[in-house]
Amino acid sequence: MKRSHYISDIPAEPGANVRIAGWVENTKEVGRLIFIWVRDRTGVAQLTVKKNSVEPEVLETAKAIGLHDFIAAEGTVPDKITAKVGVEIIPSRIEVLSRADKPLPLDVSGVVESNLDTRLDWRAIDLRNPKQQAVFKVQAKLLEGMQEYLNTHGYLQVFTPCLIGAPSEGGAELFEVKFFDKTAYLRQDPQLHRQLLMVAGFDRIYDLGPNWRAEPSHTPRHLCEHRGCAVELSFIDDEHDVMRVEEELVVNGIKNVVEECQKEIELLGAEVEVPKRPFPELRFPEVYEILESMGKHIPRGEDLDREAEKLLARYVKEKYGHDFFFVNRFPYRVKPFYVMRVDEEPEWARSIDLVYRGLELSSGGQREHRYERIIEQVGDKGMNLENLRWFTEFFRYGAPPHGGFNIGVERLTMAMLGLGNIREAASFPRAPERLLP
RNA sequence: GCCCUGGUAGUAUAGUCCGGUUAGUAUACGGGCCUGUCGAGCCCGUGACCCGGGUUCAAAUCCCGGCCAGGGCGCCA
């Protein structure tokens with residue numbers, strides 16, 4: 001039986017003949033009636049089986065239907081719809097496509113809320129819950145809005161390698177992969193290859209793809225595998241050009257969600273609003289003073305810790321009423337070799353983080369494009385130049401001033417929707433103890 | 001990787017401190033009742049103490065180890 005309508009498209013016209021297909025969310029037998037709720041991606045419909053006015057084989061089928069069987073049904077819209085779900089069908093035919101074993105390994109309905117770990121063990125069943133599906137509809141619309149911005153502002157979508165031949169920033173946090181008789185690594189960021197495409201004159205690009213971290217992080221905001229929207233642009237004056245692009249990108253993504261996903265936002269009980277531009281910018285070393293005034297001491301030259309990040313988020317929220325802020329001019333000593341320093345104040349780098357609701361969304365900034373400086377900085381960081389020649393050599397032959405950033409897609413989704421755990425924002429999350437399903 | 005807390009039916013939990021009847025409840029599942037349910041309701045039933053070792057007459061309960069989970073930290077997107 002081929003469906004004629006998605007459930008949300010079923011007309012409220014009495015007598016209309018429709019065919020639907022989906023899975024059974026609930027059943028109830030009361031007196032001479034059997035009710036079966038069928039859900040598809042778009043909504044839920046109630047099949048109302050009247051025992052005394054239906055073909056015997058429909059009755060037999062209806063009686064045997066259990067939770068989460070996949071079924072298809074044909075029937076008519078009644079004169080008066082009494083089902084609270086708003087869509088009701090009097091079936092003339094029910095076809096069981098597939099039976100579900102019972103009992104189910106978790107309660108999808110949400111009456112008894114399963115633990116996240118149990119839900120992830122049974123993720124494909126868990127995702128039948130419209131609330132869980134909503135997260136991914138929102139995420140798709142978020143990316144759609146972001147890509148729409150990038151595509152209409154001259155950014156070329158490119159793919160850069162996931163398998164890399166050498167660690168770029170030390171290496172301890174990279175997954176090793178067998179590559180014939182060599183060792184390869186899964187990238188933790190497409191950073192260096194994006195820079196090489198700037199050297200190539202691509203001017204404006206984005207790479208939407210996976211990144212891996214081999215850190216055994218046990219927190220609600222880390223995944224071993226996450227997606228990044230990594231953007232790089234050339235001929236910038238300084239890192240502020242990068243910030244303006246980043247905030248426009250985020251605003252366009254969220255705007256698209258607000259315009260297209262009201263139903264999902266409501267279902268998730270989230271509060272999403274389009275942020276105002278420009279986003280506030282905090283700078284080192286003033287950041288130390290702000291923290292000092294809030295009773296938090298961080299020695300000059302040290303990086304922010306988690307508490308500092310949260311304090312700054314509170315500071316910005318109170319002072320500017322904003323959920324987003326940039327932190328700029330990080331200490332050079334805590335940043336990698338490729339960052340650009342402020343020429344007149346080499347203690348600080350043109351290095352930016354974007355924080356949303358206290359969660360670090362991205363790192364980025366202006367990159368050093370001057371060959372001699374790059375070589376010097378590789379030395380500063382105590383890195384082996386020979387291992388980086390594959391990258392640095394290109395800069396001998398000219399490079400435009402450039403910069404970029406990489407936004408964590410799951411993190412943005414999580415912060416925007418107020419999810420308690422980033423694993424909710426990945427269909428099949430990878431964590432230190434989770435490689436299946 | 002470190003610190004704290006936890007692991008009890010398919011799912012979610014009470015009981016554990018202070019060891020001792022038949023391990024309680026909700027939901028799911030099976031059966032029954034109910035003439036419109038919509039988290040329906042009522043009755044009956046099936047079903048569980050993470051793994052290994054130790055202490056003890058006796059361990060879900062106390063001790064040790066392991067694995068796993070939740071939260072915090074570190075690392076970062």
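Numbering (my numbering), first residue to last: 1 to 437.
Every residue, glycine too, gets a C-beta built ideally from N, C-alpha and C.
Treat the numbers as computed from the prediction; the structure is a model and nothing was measured.
Please work out which residues of its chain come closer than 7 angstroms, Cβ to Cβ, to H193, disregarding the five sequence neighbours upstream and downstream, and give them in chain order. Translated into positions along the first sequence, residue 193 becomes position 193. The residues are T160, P161.
Would you tell me roughly how many angstroms separate the C-alpha atoms of K276 and Y155, rounded to the nearest one? Mapped onto the first sequence, residue 276 falls at position 276. Mapped onto the first sequence, residue 155 falls at position 155. Take the alpha-carbon of K276 and the one of Y155: they are about 23 angstroms apart.
On the three-pair Cβ rule with 8 angstroms, is the stretch 366-375 touching the stretch 335-347? Contact between the stretch 366-375 and the stretch 335-347 is present, because at least three Cβ pairs lie under 8 angstroms.
Kindly list the residues whose CB is nearer than 6 angstroms to the CB of V138, restricted to its own chain and excluding five residues on each side of it in sequence; keep chain order. For the purposes of this step, residue 138 is identified with residue 138 of the first sequence, where counting begins at 1. Same-chain partners within the cutoff: V257, C261, E264.
Within 8 angstroms, do at least three Cβ pairs link the stretch 29-45 to the stretch 99-114? Contact between the stretch 99-114 and the stretch 29-45 is absent, because fewer than three Cβ pairs lie under 8 angstroms.
Whole-Å CB distance - L249 paired with Y149, under 8 angstroms assumed: Looking up residue 249 in the first sequence gives position 249. Looking up residue 149 in the first sequence gives position 149. Sure, about 5 angstroms apart at Cβ, within 8 angstroms.
Proximity to E281 [Cα-Cα], best of D241, K317, F325, S293: For the purposes of this step, residue 281 is identified with residue 281 of the first sequence, where counting begins at 1. Nearest option by C-alpha distance: F325.
Between V85 and Q46, which are expected to be in contact by the criterion C-beta below 8 angstroms, what is the C-beta distance as a whole number of angstroms? Your numbering for residue 85 matches position 85 in the first sequence. Your numbering for residue 46 matches position 46 in the first sequence. Indeed, because the Cβ distance is near 5 angstroms, the residues count as touching under 8 angstroms.
Where K381 sits in the DSSP three-state scheme: On the first sequence, residue 381 is found 381 positions in, with the first residue counted as 1. In the structure shown, K381 sits in coil (DSSP, three-state: anything other than H, G, I, E or B).
Measure the beta-carbon distance from V242 to A399 and round it to whole angstroms, keeping in mind my assumption that it falls under 8 angstroms. Within the first sequence, numbered from 1, the residue matching residue 242 stands at position 242. Within the first sequence, numbered from 1, the residue matching residue 399 stands at position 399. The Cβ separation is near 16 angstroms, so there is no contact.
Supposed close pair F284, R314 - CB separation, criterion 8 angstroms: Position 284 of the first sequence, counted from the start, is the residue given in the question as residue 284. Position 314 of the first sequence, counted from the start, is the residue given in the question as residue 314. With a Cβ gap of about 18 angstroms, F284 and R314 do not count as contacting.
So what does Q157 bridge to, in DSSP terms? Looking up residue 157 in the first sequence gives position 157. BP columns for Q157 point to Y206.
With H, G and I counted as helix, E and B as strand and the rest as coil, what does DSSP make of P190? Within the first sequence, the letter at position 190 stands for residue 190. P190 falls in the coil class under three-state DSSP.
What are the start and end residues of the beta strand (DSSP E) that includes G98? Counted from its first residue, the first sequence places residue 98 at position 98. Per the sequence presented here, residue 98 reads as Ser, with Gly not at that position. That run of the beta strand (DSSP E) goes 88-98.
Just the C-alpha distance for A415 and G31, rounded to the nearest angstrom, thanks. Taking the first sequence and counting its residues from 1, the one referred to as residue 415 is at position 415. Taking the first sequence and counting its residues from 1, the one referred to as residue 31 is at position 31. Going from the Cα of A415 to the Cα of G31 covers about 48 angstroms.
My output table needs one value for G171: the three-state DSSP class, helix, strand or coil. The residue labelled residue 171 in the question sits at position 171 within the first sequence. Because G171 sits at a pLDDT of 48, beneath the cut-off of 50, its placement in the model cannot be relied upon, and the following sentence gives the value as read from the coordinates. Looking at G171 - three-state DSSP - the assignment turns out to be coil, as it is neither helix nor strand.
Leaving aside the five residues before and after D238 along the sequence, list all residues of the same chain whose C-beta is less than 7 angstroms from its C-beta, in chain order. The sequence position of residue 238 within the first sequence is 238, counting from 1. Counting only Cβ-Cβ distances below 7 angstroms, and skipping sequence neighbours, we find R350, Q366.
Can you tell me whether DSSP reads K335 as helix, strand or coil? As a first step, residue 335 is located in the first sequence; it is residue number 335 there, counting from the start. Shown here, K335 sits in coil according to DSSP, grouped into three states, outside any helix or strand.
Taking the alpha-carbon positions, what's the S92 to V112 distance? Indexing the first sequence from 1 puts residue 92 at position 92. Indexing the first sequence from 1 puts residue 112 at position 112. The alpha-carbon of S92 is positioned some 33 angstroms away from that of V112.
Coarse secondary structure for G253, derived from DSSP in three states: Your numbering for residue 253 matches position 253 in the first sequence. It is helical.
In this structure, does DSSP put K80 in helix, strand or coil? Taking the first sequence and counting its residues from 1, one reaches residue 80 at position 80. In the structure shown, K80 sits in coil (DSSP, three-state: anything other than H, G, I, E or B).
Does DSSP classify R434 as helix, strand or coil? Counted from its first residue, the first sequence places residue 434 at position 434. In the structure shown, R434 adopts extended strand secondary structure according to DSSP, grouped into three states.
Tell me, please, which residues DSSP counts as bridged to L354. Counting from 1 along the first sequence, the entry for residue 354 is found at position 354. DSSP output for L354 lists F326, S362 as bridge partner(s).
Going straight from the alpha carbon of F175 to that of H5, what length do you get? Position 175 of the first sequence holds residue 175. Position 5 of the first sequence holds residue 5. A direct Cα-Cα distance of roughly 46 angstroms separates F175 from H5.
Applying the criterion that 16 or more other CB atoms from any shown protein chain within 10 Å of the CB defines a buried residue, is R227 buried or exposed? Residue 227 sits at position 227 when you count from the first residue of the first sequence. When all chains shown are included, R227 counts as buried.
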